[in-house]
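These protein sequence lines map, in sequence, to chains A, B, C and D.
When the count follows our numbering, it moves up by one through the first sequence with no breaks and lands on 132 for the last residue.
When the count follows our numbering, it moves up by one through the second sequence with no breaks and lands on 264 for the last residue.
When the count follows our numbering, it moves up by one through the third sequence with no breaks and lands on 396 for the last residue.
When the count follows our numbering, it moves up by one through the fourth sequence with no breaks and lands on 528 for the last residue.
Number of protein chains: 4
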Amino acid sequence: MDQKERERLEKIVAQNEYMKYLGLELLDVDLGYARARIPYSHKLLNPYGYLHGGVLFSLADIVAGLAACTYGGNSVTIDGSMNYARPAMNTKDIICEAREVRQGKHVAVYRVEILNDERLLLDTGTFTFFMM
Amino acid sequence: MDQKERERLEKIVAQNEYMKYLGLELLDVDLGYARARIPYSHKLLNPYGYLHGGVLFSLADIVAGLAACTYGGNSVTIDGSMNYARPAMNTKDIICEAREVRQGKHVAVYRVEILNDERLLLDTGTFTFFMM
Amino acid sequence: MDQKERERLEKIVAQNEYMKYLGLELLDVDLGYARARIPYSHKLLNPYGYLHGGVLFSLADIVAGLAACTYGGNSVTIDGSMNYARPAMNTKDIICEAREVRQGKHVAVYRVEILNDERLLLDTGTFTFFMM
Amino acid sequence: MDQKERERLEKIVAQNEYMKYLGLELLDVDLGYARARIPYSHKLLNPYGYLHGGVLFSLADIVAGLAACTYGGNSVTIDGSMNYARPAMNTKDIICEAREVRQGKHVAVYRVEILNDERLLLDTGTFTFFMM
Numbered sequence: 001m002d003q004k005e006r007e008r009l010e011k012i013v014a015q016n017e018y019m020k021y022l023g024l025e026l027l028d029v030d031l032g033y034a035r036a037r038i039p040y041s042h043k044l045l046n047p048y049g050y051l052h053g054g055v056l057f058s059l060a061d062i063v064a065g066l067a068a069c070t071y072g073g074n075s076v077t078i079d080g081s082m083n084y085a086r087p088a089m090n091t092k093d094i095i096c097e098a099r100e101v102r103q104g105k106h107v108a109v110y111r112v113e114i115l116n117d118e119r120l121l122l123d124t125g126t127f128t129f130f131m132m
Numbered sequence: 133m134d135q136k137e138r139e140r141l142e143k144i145v146a147q148n149e150y151m152k153y154l155g156l157e158l159l160d161v162d163l164g165y166a167r168a169r170i171p172y173s174h175k176l177l178n179p180y181g182y183l184h185g186g187v188l189f190s191l192a193d194i195v196a197g198l199a200a201c202t203y204g205g206n207s208v209t210i211d212g213s214m215n216y217a218r219p220a221m222n223t224k225d226i227i228c229e230a231r232e233v234r235q236g237k238h239v240a241v242y243r244v245e246i247l248n249d250e251r252l253l254l255d256t257g258t259f260t261f262f263m264m
Numbered sequence: 265m266d267q268k269e270r271e272r273l274e275k276i277v278a279q280n281e282y283m284k285y286l287g288l289e290l291l292d293v294d295l296g297y298a299r300a301r302i303p304y305s306h307k308l309l310n311p312y313g314y315l316h317g318g319v320l321f322s323l324a325d326i327v328a329g330l331a332a333c334t335y336g337g338n339s340v341t342i343d344g345s346m347n348y349a350r351p352a353m354n355t356k357d358i359i360c361e362a363r364e365v366r367q368g369k370h371v372a373v374y375r376v377e378i379l380n381d382e383r384l385l386l387d388t389g390t391f392t393f394f395m396m
Numbered sequence: 397m398d399q400k401e402r403e404r405l406e407k408i409v410a411q412n413e414y415m416k417y418l419g420l421e422l423l424d425v426d427l428g429y430a431r432a433r434i435p436y437s438h439k440l441l442n443p444y445g446y447l448h449g450g451v452l453f454s455l456a457d458i459v460a461g462l463a464a465c466t467y468g469g470n471s472v473t474i475d476g477s478m479n480y481a482r483p484a485m486n487t488k489d490i491i492c493e494a495r496e497v498r499q500g501k502h503v504a505v506y507r508v509e510i511l512n513d514e515r516l517l518l519d520t521g522t523f524t525f526f527m528m
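Rendered as structure tokens:
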């Protein structure tokens, strides 16, 4: 993928205040693909002491949205859904990977997986974007 | 609804660090119902300058989860989905309302609506909880 | 809403073989709205003896898709989700209503409710369409 | 997986009238896994001439539900969602595969993929079941 595109995406992450709060670190981007990490951090927990479902959805939405931008253009989320299979706890980091299902001219669909330190699958999600 | 239950839910919101970051204010709870508000705030925006989809999902998940707790017990999100119909911008606050579809013994389903200052419907969502 | 549009939608329902199998009867259409009925019928049941979730999803997809066509144009389903709150049984008919969340130029979002004879809410769903 | 369980699932498919209409053929089941096929058939099309989204959702719901039953017990769909990436046409058959995300005691989550003759990914979905 184009190096300029990669830098554009890295800049988006570096400059956004909410992504900074999440501690989001972009690990890899390629055509139709993105991977990022957030830490297990006290300020991101739900009342039960594991990472908040909204934090995990945010991570997934961001990573899938970045993956959809790897072909150029900007992605606006039309809808997203998350299935929470296992609690996000007892892990140092959380990894999120997004993979293309279909990158259309107007509409893009990406699947995401959220994994813990031991690469155990915690959550799955699917996001639909409008491309501009 | 029971006053002690109400205080329990208010305490959850008051003590959680992520909810504080969101600026979440609980406005009303009743059996099978909850309403809360977050401000349109710089630290919650996406790169386009409107409230981040992950922030809105977090709001919806929290409000629906609180509504599911109004009968007693604790709710754990099984899955959630959001449809983003209109950008959350040009508004001072964002209101989220959650209403019961079904409160089962094990599984609860709630619908949410996200509205701007003028009560325009911005987003809809549905959440499924496991009750413990 | 335009009478010609209405007739166009009625014709779609009358000519489609799968909709005939479902026994789908279009009850009402208006701008951003549609309502239809299917019978509780032996040939539509799941192994437990209530209406199959796939049948109810089909009904919802069709009704929401017709509602999205009331402004003209054709709708193609991008995605859809259903939450099954109560079993569809002990009822003569099942009613499905679809209401507009947003009718955009390219993307339309509709919510659906599925009700039994006594107008009890059985299921809810949300559908996203690409308009052509 | 237990041979008796396998026969129980094959019997469910063989006896259900709606599954017969779909032409559903169970190809494989194993612990946390199921695969089935339906034909591209005139009686399953939408008005545009490709397989109806409701038919594909039905297929996915059935296959995921069967996969969830491979550990024993019965599955009731709590919710399901489908993303339609490519039209289901110009293919003799449609294959659906369901794989376990998590098989809990009460709640099970399965992902599905729908593929055409050339194993091109057409649609993805996720289903949540209550186990009884």
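The C-beta atom is built at its ideal place from N, Cα and C for all residues, glycine as well.
Owing to the predicted nature of the structure, the values given are computational and were not obtained by experimental measurement.
7 Å Cβ cutoff met for D:Ala464 and D:Tyr414 | Taking 7 Å as the Cβ cut-off, D:Ala464 and D:Tyr414 do not qualify as a contacting pair.
Expressed to the nearest angstrom, what Euclidean distance is found between the alpha-carbon atoms of C:Tyr304 and C:Leu286?
-> Answer to the nearest angstrom: the Cα atoms are 10 Å apart.
Neighbour-count burial assignment, A:Asn46, 16 or more Cβ in a 10 Å radius = The residue in question, A:Asn46, is buried, as its Cβ has 16 or more Cβ neighbours within 10 Å.
Close Cβ partners of D:Gly469 (< 7 Å) along its chain, the five nearest in sequence each way excluded = Excluding five sequence positions before and after D:Gly469, the CB atoms of its chain that fall closer than 7 Å to its own CB belong to Met527, Met528, given in chain order.
Under 7 Å, do A:Val76 and A:Ala98 count as touching if we go by C-beta distance?
-> No. Outside cutoff.
Out of curiosity, what's the CA-to-CA distance linking C:Gln414 and D:Thr487?
-> This structure leaves residue 414 of chain C out entirely; chain C is present only between 265 and 396.
Using the rule of at least 16 other Cβ atoms within 10 Å of the residue's Cβ for burial, across every protein chain shown, is D:Gly445 buried or exposed?
-> With fewer than 16 other Cβ atoms inside 10 Å of its own Cβ, D:Gly445 counts as exposed.
From the DSSP output, in three-state form, read off C:Tyr348 for me.
-> Note: C:Tyr348 maps to strand in three-state DSSP.
Which word fits C:Arg271, buried or exposed, when buried means at least 16 other C-beta atoms lie within 10 angstroms of its C-beta?
-> Note on identity: in this sequence residue 271 of chain C is Glu, with Arg being the wrong assignment. Residue burial annotation: C:Glu271 is exposed, with fewer than 16 other C-beta atoms found within 10 angstroms of its C-beta.
Can you name the residues that DSSP bridges to B:Asp211?
-> DSSP, once it has assigned bridges, lists A:Asn83, B:Thr260 as partnering B:Asp211.
On the three-state DSSP scale, how would you describe B:Asp255?
-> Note: B:Asp255 maps to strand in three-state DSSP.
Helix, strand or coil: which one does DSSP assign to A:Leu59?
-> Looking at A:Leu59 - three-state DSSP - the assignment turns out to be helix.
Straight-line gap, A:Leu59 to A:Leu24 (C-alpha atoms, nearest Å) | Near 8 Å, if we compare the C-alpha coordinates of A:Leu24 and A:Leu59.
Please name the residue in B:Tyr165, B:Ala166, B:Val161, B:Leu183 whose C-alpha comes closest to that of B:Ile226.
-> Nearest option by C-alpha distance: B:Leu183.
Buried or exposed: where does B:Asp249 fall if 16 or more other Cβ atoms within 10 Å of its Cβ makes it buried?
-> The residue is exposed, with fewer than 16 neighbouring Cβ atoms inside 10 Å.
Would you list the one or two residues that DSSP bridges to A:Pro39?
-> In DSSP, A:Pro39 forms a bridge with A:Asp93.
Return the first residue and the last residue of the alpha helix (DSSP H) that B:Tyr153 is part of.
-> B:Tyr153 -> alpha helix (DSSP H) spans 149-154.
Does the beta-carbon distance from A:Met82 to A:Gly125 come in below 7 Å?
-> For A:Met82 and A:Gly125, yes; Cβs fall inside 7 Å.
Residue range of the beta strand (DSSP E) that includes D:Tyr506 | 503-511 is the span of the beta strand (DSSP E), which, as asked, contains D:Tyr506.
Relative to the C-alpha of C:Asp387, which residue among C:Val319, C:Arg366, C:Gly329, C:Lys284 is closest?
-> The shortest Cα separation from C:Asp387 among C:Val319, C:Arg366, C:Gly329, C:Lys284 belongs to C:Val319.
Could one say the Cβ of B:Asp211 lies closer than 7 Å to chain D's Cβ atoms, at least one of them?
-> Interface residue, yes.
Would you mind working out which of B:Asp160, B:Lys175, B:Asp193, B:Leu247 sits nearest B:Pro219, comparing C-alpha positions?
-> Closest option to B:Pro219, Cα to Cα, is B:Leu247.
Could you work out which residue in B:Arg167, B:Val239, B:Lys152 is closest to B:Lys175 when comparing CA atoms only?
-> Of the residues B:Arg167, B:Val239, B:Lys152, the one whose Cα lies closest to the Cα of B:Lys175 is B:Lys152.
Along the segment 273-300 of chain C, what residues have a CB closer than 7 Å to any CB found in chain D?
-> From the segment 273-300 of chain C, only Ile276, Asn280, Glu281, Tyr282, Tyr285 have a Cβ closer than 7 Å to chain D.
A:Val109 CB to nearest chain D CB: under 7 Å?
-> So yes, A:Val109 belongs to the interface.
Name the two residues that bound the continuous beta strand (DSSP E) containing A:Val25.
-> According to the sequence provided, residue 25 of chain A is Glu. The question's Val does not apply to it. Segment 25-30, the beta strand (DSSP E) holding A:Glu25.
Excluding five sequence neighbours on each side, which residues of the same chain lie with their C-beta closer than 6 Å to the C-beta of D:Met397?
-> Cβ neighbours of D:Met397 beyond the five flanking positions: Asp426, Leu427, Thr466.
Taking Cβ-Cβ distances shorter than 7 Å, what residues in chain C pair up with A:Thr128?
-> Those are Ile342, Asp343, Thr392, listed as they occur along chain C.
Under 9 Å Cβ-Cβ, which residues of chain B neighbour D:His502?
-> Per Cβ cutoff of 9 Å: His238, Val239, Phe262.
Using beta-carbon positions only, say whether B:Asp193 and A:Gly53 come within less than 7 Å of one another.
-> By the CB criterion at 7 Å, B:Asp193 and A:Gly53 fall inside the cutoff.
Between the segment 49-60 of chain A and chain B, which residues of the former have a C-beta closer than 7 Å to a C-beta of the latter?
-> Taking 7 Å as the upper bound on Cβ-Cβ separation, chain B lies near residues His52, Gly53, Gly54, Val55, Phe57, Ser58 of the segment 49-60 of chain A.
Return the CA-CA distance between A:His106 and A:Tyr33, expressed in angstroms with no decimal places.
-> One C-alpha to the other measures close to 18 Å.
Under a CB-based cut-off of 7 Å, is B:Thr223 close to chain C?
-> B:Thr223 does not count as touching chain C.
Residues that C:Ala362 bridges to, as DSSP identifies them = In DSSP, C:Ala362 forms a bridge with C:Ala298, C:Val376.
What separation, rounded to the nearest whole angstrom, lies between the Cα atoms of A:Tyr57 and C:Lys268?
-> A small correction: the amino acid at residue 57 of chain A is Phe; Tyr does not occupy that position in the sequence shown. Straight-line Cα distance between these residues: approximately 44 Å.
Whole-angstrom C-beta distance between D:Leu405 and D:Leu422, which should lie under 8 Å = Confirmed, about 7 Å.
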